[in-house]
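Heads up: the structure comes next, in structure tokens.
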Amino acid sequence: MPRLLLLLAFLAFGLPAAAQTLGQTAGQAAAPAPRAATLALPQVQLPAVPDISAGHAAALGAGLFAGALAGSALIQGGFLGAAIGAIAGVTVGNWAWKEHGPED
């Protein structure tokens, strides 16, 4: 049922364009399309993204995986155990990279 409603909603978006096309083919004169108003947007300065090396990302990913696996096993499975373990694993992975990673 939700798929049918979603399909009908998508089809409803095409009806105004189809009605305009059908009206023009029935012999009515095509009116010029109105011009879209242009809006000048201000330039936005994005915050600086910290430089994360591939090794740091690998340490975070390994910590995330190992922590989620250990948390799920030690807290008898479930989402909560995996989430707690993942947070702890990312924290340990970040600490390990900061302490024992290559010096810049």
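Residue numbers (mature numbering (1 follows the signal peptide of the UniProt record, and there is no 0)): -19 to -1, 1 to 85.
For each residue, glycine too, the CB sits at the ideal point set by N, CA and C.
Reduced DSSP category for residue i - H, G, I as helix; E, B as strand; rest coil
i	result
residue 73	helix
residue 58	coil
residue -18	helix
residue 80	helix
residue 34	coil
residue 27	coil
residue 40	helix
residue 18	coil
Supposed close pair residue i, residue j - CB separation, criterion 8 Å
i	j	result
residue 62	residue 74	Not quite, the Cβ-Cβ distance comes to about 18 Å (not below 8 Å), so this is no contact.
residue 36	residue 78	7 Å
residue 115	residue 67	Coverage of the chain is limited to positions -19 through 85, which leaves residue 115 absent and any answer about it impossible.
residue 47	residue 82	Not quite, the Cβ-Cβ distance comes to about 17 Å (not below 8 Å), so this is no contact.
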